[in-house]
Amino acid sequence: MRRAATAAASPRRAAAARAKPAASRTQTERRSSTIAKLVQAGTEALIELGYARTSIQEICLRAGVSHGGLFRHFPSRLELMKRVAVEVGDGLLDRYRQQFARLQQHAHDPIRLALELCRGTCQSRSHQAWFELMMAARTDPDLRAALAPIWASNHADVLALAGQLLPEQSGHPDFAAIVDVMVTLMHGEAVERFVHVDPEVEQRRLAWAQQAVQQGLLQAATRR
Numbered sequence: 001m002r003r004a005a006t007a008a009a010s011p012r013r014a015a016a017a018r019a020k021p022a023a024s025r026t027q028t029e030r031r032s033s034t035i036a037k038l039v040q041a042g043t044e045a046l047i048e049l050g051y052a053r054t055s056i057q058e059i060c061l062r063a064g065v066s067h068g069g070l071f072r073h074f075p076s077r078l079e080l081m082k083r084v085a086v087e088v089g090d091g092l093l094d095r096y097r098q099q100f101a102r103l104q105q106h107a108h109d110p111i112r113l114a115l116e117l118c119r120g121t122c123q124s125r126s127h128q129a130w131f132e133l134m135m136a137a138r139t140d141p142d143l144r145a146a147l148a149p150i151w152a153s154n155h156a157d158v159l160a161l162a163g164q165l166l167p168e169q170s171g172h173p174d175f176a177a178i179v180d181v182m183v184t185l186m187h188g189e190a191v192e193r194f195v196h197v198d199p200e201v202e203q204r205r206l207a208w209a210q211q212a213v214q215q216g217l218l219q220a221a222t223r224r
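If you read the sequence shown in UniProt numbering, its first letter stands for residue 1, the second for the next number, and so on.
Put into structure tokens, the structure is as follows:
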């Protein structure tokens, strides 16, 4: 009888052992899901309310997560904002890459396409969260210190992506500087649009930017 009980228990133990990895995966999935909810809630709050009003309470309310649940994953609001910055920056670059790949076969000029997509990215809803963090960093030294390496990494990724998408132009000595100037231009234009929008001026600005890039690359080529 004892042998029979032991034999019956063995399959149950084996089944329980096999079930443990599944339970572990479920716990990992729950953790990932909670983090994603918190990051999304933080992003949306930044866009809709601004940095100053993106409080722990507001984020938890939007995410449907308790304060304790938030602090299990992020020791502070600042740490969550750092994660938001990384996720937003990476997401913007991924979308840009996908859009360029989808549209380049129909584009007459890859430089024009790159500029148009850069403008669209800077004016996108997601980018407003990035702007909120960068602007808040002006008067918040802790946030500024936290975002500095994230900004540097994102900047390097932007230059690398530009080189991948525009391989024929990337060998020019001024390529990185030209990309940097154009991204900065589109950033400034997007910020200006928070207060004032002038489609006619924007159309002329884009035409000028395209011409400036082409001339800059041509001049760089003649110096080689």
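Where is the CB? At the ideal position from N, CA and C, for every residue including glycine.
Straight-line Cα distance separating Val84 from Thr34: 14 angstroms
Just mark Met186 as buried or exposed, buried being the case when its beta carbon has 16 or more other beta carbons within 10 Å. buried
Please state whether the Cβ-Cβ distance between Trp151 and Met134 is less than 9 angstroms. Taking 9 angstroms as the Cβ cut-off, Trp151 and Met134 qualify as a contacting pair.
Hey, quick one: how far does the alpha helix (DSSP H) through Ser126 stretch, first residue to last? Its alpha helix (DSSP H) spans residues Arg125 to Ala136.
By alpha-carbon positions, which one of Ala146, Arg112, His106 and Phe74 ends up nearest to Arg205? Arg112
With a Cβ-Cβ cutoff of 9 angstroms, do Ile73 and Leu38 count as a contact? The sequence shown places His at residue 73, rather than the Ile named in the question. For His73 and Leu38, yes; Cβs fall inside 9 angstroms.
Alpha carbon to alpha carbon, how far is Gly42 from Glu189? Give it in angstroms, no decimals. 25 angstroms
With 16 other Cβ atoms within 10 Å as the buried cut-off, status of Trp208: exposed
Is there at least one Cβ from chain C nearer than 9 angstroms to Ser124's Cβ? Absent here is chain C; the protein component of the structure consists of one chain.
Using 10 angstroms around the beta-carbon of Val65, count the other beta-carbons present and answer buried if the total reaches 16, otherwise exposed. buried
Through-space distance from Gln210 to Asp157, alpha-carbon basis: Going by the C-alpha atoms only, they are around 22 angstroms apart.
Since Ser153 and Gly163 are thought to touch, with beta carbons under 8 angstroms apart, how far apart are those beta carbons, to the nearest angstrom? With a Cβ gap of about 16 angstroms, Ser153 and Gly163 do not count as contacting.
Look at the alpha carbon of His106 and the alpha carbon of Glu48, and state the distance between them as a whole number of angstroms. Each residue's alpha carbon lies about 35 angstroms from the other.
Is Ser66 helix, strand or coil by DSSP? coil
My guess is that Ala114 and Leu166 are in contact by the Cβ rule of under 8 angstroms, so how many angstroms apart are they, rounded? 6 angstroms
Expressed to the nearest angstrom, what Euclidean distance is found between the alpha-carbon atoms of Gly50 and Lys82? Gly50 and Lys82: Cα-Cα distance of roughly 15 angstroms.
Okay, do the stretch 190-204 and the stretch 117-127 touch, 3+ Cβ pairs below 8 angstroms being the bar? yes
Just how far apart, CA to CA, sit Thr28 and Asp90? Whole-angstrom Cα-Cα distance: 22 angstroms.
Between the Cα of Phe194 and those of Ala146, Pro149 and Glu132, spot the shortest distance and give me the residue it belongs to. Glu132
CA nearest to the CA of Ile178, picked from Glu44, Phe100, Gly68 and Ala212: Checked all of Glu44, Phe100, Gly68 and Ala212; the closest Cα to Ile178 is Ala212.
Ranges of the alpha helix (DSSP H) found wholly within the stretch 39-92, counting only runs of at least 4: 56-63 and 67-73
Is it buried or exposed for Leu61, if we count other Cβ within 10 angstroms and need 16 for buried? Classification of Leu61: exposed, given that the 10 Å Cβ count is below 16.
Can you give, in chain order, each stretch of the beta strand (DSSP E) that sits fully within the stretch 127-196 and has at least 3 residues? none
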